[in-house]
Structure formats: C-alpha cells, structure tokens
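Asker: For the sequence shown, the positions run 30 to 372 when the working numbering is used. Shown below is the structure under consideration.
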Amino acid sequence: MEKLLKKLVEAPSISGSEKNVRDLIAKELKPHASEIKVDRIGNLIARKGRGKPRIMLCAHMDEIGLMVKHIDEKGFIRFDTVGGWDQRILLAQKMKIYGSKGPVVGVIGSKPVHIQEADEQKRSVKLKDMFIDIGAKDSKDVEKAGIKQGDFITNYGSFNTTKRGRVTGYGLDNRIGCTVMIEVMKALKSFKGTVYAVGTIQEETGLIGVRGSAFGIDPDVVLGLDTTIAGDMPGVKPEEATSRIGEGPVMLVKDRVMIVNPRVKKWIEDTAKSIKIPIQYEVLDGGATDASITPTVRDGIPSGAVLVATRYIHTPVEVADMKDVKNAVKLVVKLVQTANKYF
Ligand SMILES: [Zn+2]
C-alpha cells in the first residue's frame, strides 16, 4: 500500500492538470472495475457491481500548486497560488514549472540574511514580492525553455518513510484518499449494489469536479475520502483540532460547509464498532471536502466522509500514519458491504 501511495505522491497533479494521477488510478483500477471512463471535465469514474444501493466513493486527485503569472525582462517569474497555501513557507523552495518543453527546475529566491535590515528579518516576505529563478538571462530565455503565462508549477514530489510506519511527502492530501479508494476497489469482492470510485478534479480550488460527477451518477450516498487536519503537534491547542495521527480514521461530523447526514453518521458509527476500528470525530470551523457539497447536488444526496488525520497539511512535509490509511480501507470496505441496510 505504501508503494502505491509513493507512486501517487511522485506524480505531479496540480488542480487543473490532474492527468498524471488520473492515469495511475485508471491503470490500478482496470482489473478491478467493470467500467472506467473520464467525464467531460476530467473526473475519473470507475464502476463495479450493479443495482441498488448506488454508493459513490470520491477522492480528489488534485494538489495545491502555483501558476506562472508574469515573466519580467530579466527572466524572473512571478506566480499566483492555486489552492490554499501558507505564504510563509513558499520561500527558498525548489519548484518545477511544467512548460511546453517539459519540467524546468526553478527556485523561489530570497534576499540573503547578511544584507537584510533588522526589521526585514522580523517580517515574512509577501507572495507579491516572491519570484522564481530558473537560471534564465532574460524573458526570451524563459520563453525558449517553453515557459509562458498560465503554466503550472508544483513542488518537488517527495515521499519518505519516517519512524513507526509514518510517511511524509508533498500531496499526501489527497493521494492518501486516492490510495484508500484504489485499495477498497481491489479488496471488494462481495457486496450488494453498485460502487462508483470517482477521482475528482479541482477540489482544492472550490470543490469543482465533484458536483457534476455526483449529478451524473445520482448515487444514494456519497462517501468522501480525504485527509484532514491533525492537531497533535506543538502550538495547537486540543480544542483547535482534535484529530491525532495513528488513532484511527476520522469521521467528518461538521466542517465549514456541511454537517454529516444522520443516516450516514449512524452507518459509519455502527460499522466501525462492528469491526472494532477506532474512529475519531471531526468538528471544525474551517475546511471543506468534496462530500461537503454533494448534499446540495440534485434533490440532495446523503453524504459523509472518512478522513485520515495528517500533520502539517498543505505543506511539502505532510505527515500521516499508514496504520490510519489501512484502517480507513478496512472501514470503507465494510461500509460498502453494509450500505444496503442503510440506503
Ligand atoms: Zn484534500
């Protein structure tokens, strides 16, 4: 499972350009689905089984990144963010720009500490003052490298294992959800009804892909598979974020947008209890995931989400525990097998 996650993490897949991860998911699911298609806007939809209930699993395939905004005459590249970045961590990172001639390495440069004024050292550099240096001598040189306005920029995909079966990387949000979805489809043998595994586009930029796919599929229930904020680190009060890594999958109860459907809540609680998988509850003011918006699709689709707590989310050094990923797979397999009793 870790190997699959590594493969997915190392495939760049910024919002708006999810092909790499979509192709990987399609390849993994091919032997385990009766039908796989890509819809008009780029969501991947794999189906297994027939009849009722119709269960839609969804995991967003995109990750946050940057986009080329302006190239100045000296060849420095200004950029805009795609998705929710903490601007303070962008500085001094290596990035890859995906132009027409393949990826180009660049660095987000910064003024050396030696020549900074005392008050400059206290302030964080604003996004509007940041630039990427690809080693070009002028704007023509940037053009020659195949880079133009609107090109996507991502961080270096990196994946490592740390102590106690924990993993770190850029884009664990949401390659973890993709991994859970793939493993569930592989493990599912006997169940009643139809399962749709949907890899969605542009979740990070406003839950864009899931709406059309949920409308088209018209499922009886939606189960979102994603990561969420872990609060078990210095500087976070327990009441700010209660989820901890390694302590079980997280059931979304409330986020910025939605409150879980009561039937879905009972289904998840009963099922987790029946197979003795510990679950954590998420009650948050911020954040939203694909399943937050599907209750507003068509005449309303009962929705919920099974999430994996992840530390330092939306940074290049996200940390999660593989034990949670494995438990999420077990839980979702059982949820699909018991769905006919609830929907
Ligand atoms: Zn996510």
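The beta carbon of each residue, even a glycine, is placed where N, CA and C say it ideally should be.
Run through DSSP, which three-state label would proline 82 get?
Answerer: Looking at proline 82 - three-state DSSP - the assignment turns out to be coil, as it is neither helix nor strand.
Asker: Could you work out which residue in Ser321, Lys166, Gly200, Ile205 is closest to glycine 238 when comparing CA atoms only?
Answerer: Comparing Cα-Cα distances from glycine 238 to each of Ser321, Lys166, Gly200, Ile205, the minimum goes to Ser321.
Asker: Give, in chain order, every unbroken run of the beta strand (DSSP E) that is at least 3 residues long and sits entirely within the segment 269-296.
Answerer: Segments of the beta strand (DSSP E) lying fully in the segment 269-296: 279-283.
Asker: Just reading off the alpha helix (DSSP H) that methionine 351 is part of, what are its end residues?
Answerer: Segment 351-367, the alpha helix (DSSP H) holding methionine 351.
Asker: Given a threshold of 16 other Cβ atoms within 10 Å of its Cβ, counted over all protein chains shown, does glycine 71 qualify as buried or as exposed?
Answerer: Label assigned to glycine 71: buried.
Asker: Whose CA, out of Gly131, Ile54, Arg79, Thr183, lies closest to the CA of methionine 90?
Answerer: The option with the nearest alpha carbon to methionine 90 is Ile54.
Asker: From the DSSP output, in three-state form, read off asparagine 203 for me.
Answerer: Three-state DSSP puts asparagine 203 in a helix.
Asker: Tell me whether aspartate 91 sits in a helix, a strand or coil according to DSSP, three-state version.
Answerer: Note: aspartate 91 maps to coil in three-state DSSP.
Asker: Rounded to a whole number of angstroms, what is the C-alpha to C-alpha distance between cysteine 87 and alanine 301?
Answerer: In a straight line, the C-alpha of cysteine 87 is about 19 angstroms away from that of alanine 301.
Asker: Inspect the CB distances between the segment 107-127 and the segment 277-286 and report whether three or more fall short of 8 angstroms.
Answerer: No: the two stretches stay apart, fewer than three of their Cβ pairs being nearer than 8 angstroms.
Asker: Please report the Cβ distance between isoleucine 246 and methionine 85, rounded to the nearest whole angstrom; I am assuming they are in contact, meaning their Cβ atoms lie under 8 angstroms.
Answerer: Indeed they touch by this definition, with Cβ atoms about 5 angstroms apart.
Asker: Use the C-beta contact count for proline 41: other C-beta atoms within 10 angstroms, 16 or more gives buried, fewer gives exposed.
Answerer: When all chains shown are included, proline 41 counts as buried.
Asker: Let me confirm a value: glycine 333 is counted as buried when at least 16 other C-beta atoms fall within 10 Å, else exposed. Which label applies?
Answerer: By the neighbour-count rule (16 or more Cβ atoms within 10 Å), glycine 333 is buried.
Asker: Identify which residue in Trp296, Tyr127, Met159 has its Cα closest to the Cα of glycine 45.
Answerer: Out of Trp296, Tyr127, Met159, Tyr127 has the C-alpha closest to the C-alpha of glycine 45.
Asker: Spell out the partners DSSP gives tyrosine 310 in its beta bridges.
Answerer: Answer is Met280.
Asker: Pick helix, strand or coil for leucine 1, following the three-state DSSP scheme.
Answerer: Residue 1 lies beyond the stretch modelled for the chain, which goes from 30 to 372, so this question has no answer here.
Asker: Keeping to the same chain, check which residues put their C-beta closer than 8 angstroms to that of glutamate 31; ignore five residues upstream and five downstream.
Answerer: So the list reads Thr190, Val196, Met351, once near-sequence residues are dropped.
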